[in-house]
Structure formats: structure tokens, C-alpha cells
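**Q**
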Amino acid sequence: MSWLFDYTYASRQQLASLLHPGGAEAFRSPPHPLTPAVVLLPGIYERWQFMRPLATALHRQGYPVHVVHRLGLNRGTIPAMARRVAAHIEQQGLSQVVLIAHSKGGLIGKYAMVHDDPDHRIRAMVAINTPFAGSTPARWIPLTAVRAFVPTDATLTALADQTAVNARITAINSSFDPHIPNHGKLPGAVNAALATPGHLRVLGDPQLLLAILEALRRTQHE
170 MSWLFDYTYA SRQQLASLLH PGGAEAFRSP PHPLTPAVVL LPGIYERWQF MRPLATALHR
230 QGYPVHVVHR LGLNRGTIPA MARRVAAHIE QQGLSQVVLI AHSKGGLIGK YAMVHDDPDH
290 RIRAMVAINT PFAGSTPARW IPLTAVRAFV PTDATLTALA DQTAVNARIT AINSSFDPHI
350 PNHGKLPGAV NAALATPGHL RVLGDPQLLL AILEALRRTQ HE
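Just so you know, we're using the working numbering here: the sequence shown kicks off at 170 and counts up by one.
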């Protein structure tokens, strides 16, 4: 049943992204901006509009929200996508940003924090249902972009060995995630659990927004 609810949510968001493709720039400038600025990193085969509900909610709270258009459908390798994220942050002159990432976006974000942030522009990351230890079902899906999540993938295992950055990450996971049966808990990170099951529809869960806001407030005191 989680699969059904997940893909119902996904279909609705994908349709919305086609009907309303623009609007990202408006999220950068809330009337009374708070810090930090946030950068959204969607998952595989997700355009930034997939996270529009979060962008809208965070903007209403006063946070400047940035999207990285060059991620497109996010089918590229983790290192390549991380370089695009880092380039966007530098080009926009951002500093002390918090990445808000879904699924593959969390792997991209961690890679950028470890390898592509020499000026320490990335302060922290909130990763939602990210397969930090990989995803066992990826073994059986004959798509190159998906097989990058096989637990023995060289990029994943090397990234898992980089534990120093984990203390700057909040990993939020659903109670049950059919895409990540081996779960996305991250050693050394702040790990939080939501009651909502599913990999995708959690993005529309009001409790997720509360968890993200708590993580953003926490960064102010670290």
C-alpha cells in the first residue's frame, strides 16, 4: 500500500511540475528573510518542482529558498551533480547555507560537503529518506542511474567512510520506506523518524516541515 500512496503523490507532483514549471526565483526573497538560506536538492528523476510544497512552506516561514536548475531530472552521477550544486552556491554568493535534500539529493549534498566546499559555504544538511547505505532493490533495476544505489557501489562506500561531516547532517526517515528497506540512518548524525510511511509522500507530511524547522533552528546554535 505504501507503493500506491507513494506513486499517487509522485504522479500528482510530476503533473504539477509540468503545469507550473517556473516560479523558483520568487522563493529566494521572502519579505522578512531569516537565516540560513536553504538549497533544495531533489531525488533521482525529480525536478525541483517535486519539492515545491517544501519551498512554499519554508518561504512562508521567512527562509530564502534556492533551487539548482542544472540538476534537471537528477540522472547524473553523484560527483557530477555535487559539482553543479557547489557551482550554484558559489555563483550566487551564498554562505552558511543549509541543504534540504530528498533521497539521492542527500548523497549529492554529502558529497558536496566533503569534496566540493573548500570555502565552507555549506553549514549543514537535512536529508530526507536518503539511502546513505545504499538500497538493496537497486540491484534488480537495470538502469544505470538507479544502480548507483547498490550498497557496494564504490562512490557510496567511499562516501560512507567520510564520517566527520555526519555531525552536520540531520537524517529524517519514514517509519517504513519500500525504496530503502535497509533504512537511511546515518551514524554520528542527528537521526529523526516520522510516523508517515513511504519514500515520496513524506514530502507532503506537515510533520516533516516541523522536523526541518527544528533542524534549521538548531543550526543557529551550533
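Positions of the beta carbon are idealized from the N, C-alpha and C atoms, including for glycine.
Could you give the distance in angstroms between the alpha-carbon of F345 and the alpha-carbon of R253?
**A** On the sequence shown, residue 345 is found 176 positions in, with the first residue counted as 1. On the sequence shown, residue 253 is found 84 positions in, with the first residue counted as 1. Rounded to the nearest angstrom, the two C-alpha atoms are 31 Å apart.
**Q** Out of R197, E215 and P356, state which residue places its alpha-carbon closest to the alpha-carbon of A226.
**A** For the purposes of this step, residue 226 is taken as the residue at position 57 of the sequence shown. Out of R197, E215 and P356, R197 has the C-alpha closest to the C-alpha of A226.
**Q** To the nearest angstrom, report how far apart A380 and V266 are at their CA atoms.
**A** Looking up residue 380 in the sequence shown gives position 211. Looking up residue 266 in the sequence shown gives position 97. Roughly 17 Å separates the two Cα atoms.
**Q** Using CA atoms only, rank isn't needed, just tell me which of A361, H271 and A251 is closest to H284.
**A** As a working note, residue 284 is residue 115 in the sequence shown. Of the candidates A361, H271 and A251, the one whose C-alpha sits nearest the C-alpha of H284 is A251.
**Q** Would you kindly report the start and end of the unbroken alpha helix (DSSP H) that includes V315?
**A** Translated into the one-based positions of the sequence shown, residue 315 becomes position 146. Here the alpha helix (DSSP H) through V315 covers T313 to R316.
**Q** Between G420 and G303, what straight-line distance do the alpha-carbon atoms span, to the nearest angstrom?
**A** Lying outside 170 to 391, the shown extent of the chain, residue 420 is not represented and no answer is given.
**Q** Could you tell me the distance, in whole angstroms, from the CA atom of Y232 to the CA atom of V295?
**A** In the sequence shown, counting from the first residue as 1, residue 232 sits at position 63. In the sequence shown, counting from the first residue as 1, residue 295 sits at position 126. Approximately 14 Å between the Cα atoms of the pair.
**Q** Taking C-beta to C-beta, are L328 and L268 nearer than 8 Å?
**A** For the purposes of this step, residue 328 is identified with residue 159 of the sequence shown, where counting begins at 1. For the purposes of this step, residue 268 is identified with residue 99 of the sequence shown, where counting begins at 1. Their beta carbons are not under 8 Å apart, which means L328 does not touch L268 by this criterion.
**Q** What would DSSP say about H284, mapped onto helix, strand or coil?
**A** Indexing the sequence shown from 1 puts residue 284 at position 115. If DSSP states are grouped into helix, strand and coil, H284 belongs with the helices.
**Q** What is the DSSP secondary structure of R292, counted as helix, strand or coil?
**A** In the sequence shown, counting from the first residue as 1, residue 292 sits at position 123. Residue state, collapsed to three classes: strand.
**Q** Taking its Cβ as the centre, do 16 or more other Cβ atoms sit within 10 Å of R290, making it buried, or is it exposed?
**A** Your numbering for residue 290 matches position 121 in the sequence shown. Buried, since its Cβ has 16 or more Cβ neighbours within 10 Å.
**Q** Using only CA atoms, which one of G192, Q230 and K273 lies nearest to E215?
**A** Locating residue 215 in the sequence shown gives position 46, counting from the first residue. Minimum Cα distance to E215 is reached at K273.
**Q** Between which residues of its own chain and G212 is the CB-CB distance below 7 Å, once the five residues before and five after are set aside?
**A** Counting from 1 along the sequence shown, the entry for residue 212 is found at position 43. N243, H271, S272, K273 and G274, listed in sequence order.
**Q** What three-state label does DSSP hand V207 in the structure shown?
**A** Here residue 207 refers to the residue found at position 38 when the sequence shown is read from its first residue. In the structure shown, V207 sits in a strand (DSSP, three-state: E or B).
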